[in-house]
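Taking it in order: structure first as structure tokens, then the write-up.
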Amino acid sequence: MPDAKPAMAPTGPALPTEEVLQRVVGRASMAFDGLKPLRGAFIRASHDHMMSTAREAATLDEVFAVLAMETSVGVWPVPVSVAEAHDRPAYGDAGQPCGCVEPGCEQVYPVQHASVDLREASRKERERFAGACLDEAIKRGPIHRTS
Amino acid sequence: MSASAWQQRAGAVATLAVAPLLPARIPAVESISWSGRTKVVIESTMTSSPGQTVNVFVTGRVEYLDHLLARAIDARHVAETRTRKDTMMSRLTAIAELRDGWAGPGSEAIARDVVTALEQVIPRVADVPREYGARADGSVAFEWREERKSFTALLEGAGPEMFLLADEGGEDFAEAEGAFDLDAFVRFVRTGIVDA
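Chains as they are written, first to last, in the working numbering: chain A, 41 to 187; chain B, 2 to 197.
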């Protein structure tokens, strides 16, 4: 069996503060009116405890190649500065191994992938970060609407 | 006044009363029917997001015709309630169909126990302005904000487990977590108060 991965290691180089990442939001994470996301759209995945996004330079096709989602309704901004304000680093980790600690996981992040590291965040901290992301997303508006 | 005159007057008043009061997406009153000589039932439909149809019923008695306007206002409340419940149930259907990976790499489907719990919760909270959605970690959460205070009522996993948070920032927050308790969960969603 492969050795366990080192916990909490960065999954890639830290991203610049001024970069604005792209987060695909599914219909099930939008407000009922379909016009804006819920806070829950900015929650980490359970597998690696990171929030998957695409780099700012990714085209719409690339974003959806990174974050394939059947029910997506839009792409919303996640500024690296918001993550930093909550002490959550953001990594450009395309082509890098998944940030989980599960032995044997061989997943590799796709092209243009970036992660916000929420592995050490408590529930309350995750909610606060998601709330800050939502506020910023609403202030800036969607990068793309897909339906 | 004859029955037909009552009916005519009731229909006219009801149409005038209902049409401007109910949301714009509700078309004109579609039918007016009578039960006996004294009860009038006005039926219409509305479209709720996303694409769901809800029946709207206004019930009045001809002897209370002067109060039909109030009845119409009540009907608006009923319509909104039914719409929200309908929307909540529609979302639940969609959530139950999510599969692993639905929100990108590593995201999880919603556990069956969470869906079952929501089936119990929704009928008891559909009359309060709450929204809920699925999350990439396989949880489902009601979330709302009142001024500077944010609220989260979350369900996840087998059981399911619940997490409640009323958060005003800094050290000003209250939270609770544990096995799903229907009454405590509903009470929090309705009031935002975390039981001690």
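The C-beta atom is built at its ideal place from N, Cα and C for all residues, glycine as well.
Going by C-alpha distance, which of the options is nearest residue i?
i, options, result
"F82 of chain A", "A:D101, A:D175, A:H184, A:R180", "A:D175"
"A118 of chain B", "B:S108, B:E162, B:T192", "B:E162"
"R95 of chain A", "A:Q147, A:E59, A:C140, A:G114", "A:E59"
"D87 of chain B", "A:A161, A:P77, A:Q147, A:F72", "A:F72"
"E160 of chain A", "A:C173, A:A68, A:E146, A:V141", "A:V141"
"F181 of chain B", "B:M90, B:L93, B:S140", "B:S140"
Can you grab the Cα-Cα spacing for the pair residue i / residue j, in whole Å?
i, j, result
"H126 of chain A", "F169 of chain A", "6 Å"
"D173 of chain B", "E148 of chain B", "14 Å"
"P130 of chain B", "P119 of chain A", "30 Å"
"P124 of chain B", "E144 of chain B", "17 Å"
"G105 of chain B", "V64 of chain A", "8 Å"
"A49 of chain A", "R146 of chain B", "35 Å"
"H89 of chain A", "I194 of chain B", "29 Å"
"L93 of chain B", "F189 of chain B", "20 Å"
"E22 of chain A", "R163 of chain A", "Residue 22 of chain A falls outside the range modelled here, since chain A spans only 41 to 187, and no answer is possible."
Grouping DSSP H, G and I as helix and E and B as strand, with all else coil, what is residue i?
i, result
"V120 of chain A", "helix"
"D157 of chain A", "strand"
"R149 of chain B", "coil"
"V195 of chain B", "coil"
"D138 of chain B", "coil"
"V190 of chain B", "helix"
"L99 of chain B", "coil"
"G171 of chain A", "helix"
"D168 of chain B", "strand"
"P124 of chain B", "helix"
"V115 of chain B", "helix"
"A177 of chain A", "helix"
"E132 of chain B", "strand"
In chain order, what residues of the same chain lie with their CB nearer than 7 Å to the CB of residue i, ignoring the 5 residues before and after it?
i, result
"A134 of chain A", "Y149, P150, V151, Q152, H153"
"R191 of chain B", "V126, V129"
"D67 of chain B", "Its pLDDT being 46, under 50, D67 of chain B is placed unreliably by the model, and the measurement read from it follows with that caveat. For D67 of chain B, where only same-chain residues beyond five positions count, there are no Cβ hits under 7 Å."
Whose C-beta lies closer than 6 Å to the C-beta of residue i among residues of the same chain, with five residues either side of it excluded?
i, result
"K150 of chain B", "E169"
"L166 of chain B", "T153, E176"
"Q136 of chain A", "T51, G52, Y149"
Who are the Cβ neighbours of residue i in its own chain at under 8 Å, not counting the five residues just before and after it?
i, result
"A112 of chain B", "G139, E157, G158, A159, P161"
Any alpha helix (DSSP H) of 4 or more consecutive residues that is wholly inside the stretch 47–110 of chain A:
100–106
In the stretch 105–133 of chain B, which residues sit with their C-beta less than 9 Å from some C-beta in chain D, listed in chain order?
The chain inventory of the structure shown lacks chain D, comprising the protein chains A and B.
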